[in-house]
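A.B. asks:
Numbering (the numbering used here), first residue to last: 205 to 367.
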């Protein structure tokens, strides 16, 4: 059985099911059934990603700190164990300390279905309120995206398929 590095935290029975799909060469067709080609998205530019993120933030987190920058990062890779990253940048301007929130999303998400992009953006937006991956963090993610945990698993399956 090959190592399923993106599924390490999941139960052995789930890992066995995924391995069976891989062994039968059916993981790709299973994912294609869940995410037909029409679930691909047109959010290809940094400006479109920023607008998309702002809409999600406005819908679910109006009172949170503003996000000043959102962009696709071509250097961010799955090997670094991250598909999204939030940064809290502080800069001194005159006598004031300016704090800005920035979100980077891996460019690999340009090629994946929109629900998976949404899951990563929701995850990074949740960090505006909750810095740690704790219970409240995941509750907030589920509030913004009801299928958050399933989408996270599906994203890991896409990554497993890509190798």
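Virtual Cβ for every residue (Gly too), placed ideally from N, Cα, C.
Express the C-alpha separation of residue 213 and residue 346 in angstroms, rounding to a whole number.
C.D. replies: Rounded to whole angstroms, residue 346 to residue 213 spans 19 Å at the Cα level.
A.B. asks: Under three-state DSSP, which class holds residue 276?
C.D. replies: In this structure, residue 276 counts as strand in the three-state DSSP scheme.
A.B. asks: For residue 257, count neighbouring Cβ atoms within 10 angstroms of its own Cβ and tell me buried if that reaches 16, exposed if not.
C.D. replies: Burial call: buried.
A.B. asks: With a threshold of 8 Å, are at least 3 pairs of Cβ atoms found where one atom belongs to the segment 335-350 and the other to the segment 215-234?
C.D. replies: In short, these stretches do not touch, since the Cβ pair count stays below three.
A.B. asks: May I have the straight-line CA-CA distance separating residue 244 from residue 315, to the nearest angstrom?
C.D. replies: Each residue's alpha carbon lies about 7 Å from the other.
A.B. asks: Could you check which residue in 313, 311, 306 has the C-alpha nearest to that of residue 330?
C.D. replies: Closest option to residue 330, Cα to Cα, is 306.
A.B. asks: Counting C-beta neighbours from all protein chains within 10 Å, is the total for residue 336 16 or more, i.e. buried, or is it exposed?
C.D. replies: Result: exposed.
A.B. asks: Using 10 angstroms around the beta-carbon of residue 359, count the other beta-carbons present and answer buried if the total reaches 16, otherwise exposed.
C.D. replies: Label assigned to residue 359: buried.
A.B. asks: If we ignore side chains and look at the alpha-carbon of each, how far apart do residue 208 and residue 310 end up?
C.D. replies: Each residue's Cα considered, the two are about 21 Å apart.
A.B. asks: Please name the residue, chosen from 276, 364, 344, that lies closest to residue 265 on a Cα-to-Cα basis.
C.D. replies: That would be 344, whose Cα lies nearest to the Cα of residue 265.
A.B. asks: Could you give the DSSP three-state label for residue 236: helix, strand or coil?
C.D. replies: Correct three-state label for residue 236: helix.
A.B. asks: Does residue 311 have its Cβ less than 8 Å from a Cβ in chain C?
C.D. replies: The structure shown has no chain C; it contains just one protein chain.
A.B. asks: Residue 270: buried (16+ other C-beta within 10 angstroms of its C-beta) or exposed?
C.D. replies: Answer is exposed; the Cβ neighbour count stays below 16.
A.B. asks: When you compare each of 260, 268, 251 to residue 274 by their alpha carbons, which one comes out closest?
C.D. replies: Taking only the C-alpha atoms, the option nearest residue 274 is 251.
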